[in-house]
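The sequence shown lines up with residues 0 to 439 when you count with numbering that gives the first Met the number 0.
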Amino acid sequence: MDNSDVLIIGAGFAGLTAARELSRHGYKTTILEARDRIAGRTHLEEHLGRNLELGGTWVHWTQPYVWAEMGRYGIHPVSGPDFTQAYWSTGNQQHTGHPDELMDLLDAPNQALLADSRKYFPLPWSPLSNPEITNIDGVTLSEAIDHLDLPADQRQLLRSFWTLNFNGALDQAAYTQALRWCAAASGSWQLMFETCATFKIEGGTRRLAEAILADSNAELLLEHPVASIHRDADGVVVRTISGHRFTARQLILAVPLSTLNDIDIQPELSATKREAATRSHAGRGAKLWVKVKGQQERFVAMGPEDAPLNFVQVEYIDANTTTLVCFGPVAAAVDVTDTAAAQRILDELVPGLEVLEIAGHNWVDDKYARSTWSMHYTGYLTESLAELQRPEGRIRIAGSDIANGWGGFIDGAIESGLDAARTVAEQLENQLRSSAVLTV
Ligand SMILES: Cc1cc2nc3c(=O)[nH]c(=O)nc-3n(C[C@H](O)[C@H](O)[C@H](O)COP(=O)(O)OP(=O)(O)OC[C@H]3O[C@@H](n4cnc5c(N)ncnc54)[C@H](O)[C@@H]3O)c2cc1C
């Protein structure tokens, strides 16, 4: 049996950050990670002749937590290409123009949709600070867009833009989620968009994750999928699928929301927590890397919201090839191994591309993720968030999916990991103080 002060389940950015904080405070900390690697829903791996990010990628200075971590370890941002061409479709018509034209077309509808972002979220990192959000948290993004009564072309473009952001369908997507993103970018949808897909981490997400781990005194056990957690007044007992048993005084559950119910927790977590995990969130789409022949223009392309891949952008231009990154709202609609299918999909969006190779990871079929980035459904914010953040006994949930600010991003994972570490350290100190009083 292995005994720790704190057990952390999951070595994504939330778990790694919490582990660093607690172990550097002198607490014996053990991380149990199901995979054979760290970093969770970020994964830098060699494909198509270069290191590609299969999961989380982009960061921005509007994201205080990840930016501070990069600064702490001397890791710089690198910028993506400056786009010179855009393709988009409205109705049955294909358009080609400068990316500024596409941004101009998206401007008025986004301004209208997001006009109240600062009103509802005056303090974006305190997302429940304005009680008026209860009046709008049941509104779907579809309804909010319909309410604008836009001309058909604008409506179609706006829907596709937000389908991209949600990495999923808009029918249950929360309007408040869109407002939160925009509020975190100080009310500017352009800054919000820049935040999402412009600057990457030099050396990749793996470099930052490894830097956090190297700065920690925690023990990391890979390939230790947790099957059950039992908590009582004395502590927690954790069992892995292979039968290893671990005990601790406190536990941080830093697994994706969509996988929370896969672990048998006794006594059960509250019904609200379990229901939120069952419902999960809208981020269930695809991310695909595609290498095409020749040096292409630095383009972005936006297709209809129901296209298997509704957004494509050039990411790398080499001597004889160009590598594109593509997103679509339904993971099952994109076979990340089927090059011929990728060719057919791209033919509908951009003329004249010849697909050579593709690469990607189906995060929705991945049993330790079951989703991509968290984009919440209606009601989540006002009915589930505070409860998910509330510790139950010695168990505290952490992760980007329940973050206050940039939830759904690497930044949110780090924010949540820091918060979990702080509150767990307080608990441990209180326990130490009460046992000292008892001894006296
Ligand atoms: C395709 C894609 C694109 C994205 N793009 C961006 C982006 O550009 N910018 C950005 O900031 N964010 C992006 N994100 C989101 C970002 O990657 C995540 O929000 C963030 O990495 C989540 O960190 P986390 O620590 O909360 O959870 P995770 O990274 O999911 O970590 C949870 C860990 O728990 C482990 N685990 C699960 N079950 C168990 C178990 N039973 N026992 C033990 N371990 C378990 C998992 O293996 C995993 O390592 C993207 C995500 C995806 C998938």
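Quick reminder that beta carbons are idealized off the backbone N, C-alpha and C, glycines included. Only a predicted model underlies this, so the values are computations on that prediction, with no experimental measurement involved.
Heavy atom of ligand 1 within 6 Å of residue i beta-carbon
i	result
glutamate 428	no
alanine 225	A small correction: the amino acid at residue 225 is valine; alanine does not occupy that position in the sequence shown. Checking the Cβ of valine 225 against ligand 1 gives yes.
glutamate 222	no
isoleucine 200	no
leucine 21	no
serine 399	yes
lysine 286	yes
valine 311	no
alanine 208	no
alanine 412	yes
tryptophan 60	no
tyrosine 367	yes
leucine 250	no
valine 254	yes
threonine 371	yes
tryptophan 57	yes
alanine 276	no
glutamate 68	no
arginine 447	With the chain represented from 0 up to 439, any question about residue 447 goes unanswered, as that position is not in the structure.
glycine 39	yes
phenylalanine 160	no
methionine 213	The residue you asked about is not methionine; residue 213 is alanine in the sequence shown. For ligand 1, not one heavy atom lies less than 6 Å from the Cβ of alanine 213.
threonine 381	no
leucine 190	no
isoleucine 262	yes
Check whether residue i and residue j have beta carbons under 7 Å apart
i	j	result
alanine 281	alanine 172	yes
threonine 246	asparagine 429	no
proline 307	serine 88	no
glycine 359	lysine 286	yes
phenylalanine 82	valine 299	yes
alanine 33	alanine 217	no
asparagine 129	tyrosine 119	yes
isoleucine 357	alanine 341	yes
leucine 352	lysine 290	no
arginine 205	leucine 43	yes
leucine 259	alanine 276	yes
threonine 28	leucine 21	yes
isoleucine 7	isoleucine 251	yes
tryptophan 161	leucine 178	no
serine 370	alanine 397	no
arginine 440	valine 423	Missing from the structure shown is residue 440; the chain here goes from 0 to 439 and no further.
tryptophan 405	alanine 196	no
aspartate 136	leucine 380	yes
methionine 69	serine 159	no
leucine 113	tryptophan 188	yes
CB-CB length for residue i against residue j, believed under 8 Å
i	j	result
valine 77	phenylalanine 198	7 Å
threonine 321	glutamine 295	4 Å
isoleucine 255	aspartate 400	It should be noted that the sequence gives proline, not isoleucine, for residue 255. That pair is a contact at about 6 Å.
leucine 268	valine 311	Not confirmed; about 40 Å, so no contact.
alanine 485	alanine 151	The structure shown does not extend to residue 485, since the chain is modelled only from 0 to 439, so the question has no answer here.
valine 329	arginine 283	7 Å
leucine 157	leucine 220	The pair is not a contact, with the Cβ atoms about 46 Å apart (cut-off 8 Å).
tryptophan 288	leucine 51	5 Å
threonine 61	leucine 163	Between leucine 163 and threonine 61 the Cβ distance is about 19 Å, and since that is not below 8 Å, they are no contact.
glutamine 249	valine 5	5 Å
leucine 348	tyrosine 86	6 Å
arginine 453	valine 235	Within the shown structure, residues of the chain are numbered from 0 to 439, placing residue 453 beyond reach of any answer.
Cutoff 7 Å: residue i Cβ touching any chain D Cβ
i	result
alanine 177	This model lacks chain D altogether, as it is built from one protein chain only.
Distance cut-off 6 Å: residue i Cβ against heavy atoms of ligand 3
i	result
alanine 358	In terms of ligand content, the structure shown lacks ligand 3 and carries ligand 1 instead.
Of all the beta strand (DSSP E) runs that stay within the bounds of the region 250 to 328, which reach a length of 3 or more residues?
-> List check, beta strand (DSSP E) in window: 263 to 265, 285 to 292, 298 to 301, 310 to 316 and 320 to 327.
>> With three or more C-beta pairs closer than 8 Å as the rule, is the region 169 to 186 touching the region 11 to 24?
In response: no
At least three beta-carbon pairs within less than 8 Å, the region 68 to 86 to the region 223 to 242
no
inquiry  = Threshold first: 4 residues or longer. Then list the alpha helix (DSSP H) segments lying entirely within the region 118 to 196, N to C.
reply    = 132 to 135, 140 to 146, 151 to 165, 174 to 183 and 188 to 196
Within the region 190 to 233, note down every full beta strand (DSSP E) run reaching 3 residues or more, in order along the chain.
198 to 200, 218 to 220 and 225 to 230
Going along the chain, which unbroken runs of the alpha helix (DSSP H) with 4 or more residues stay wholly within the region 346 to 385?
none
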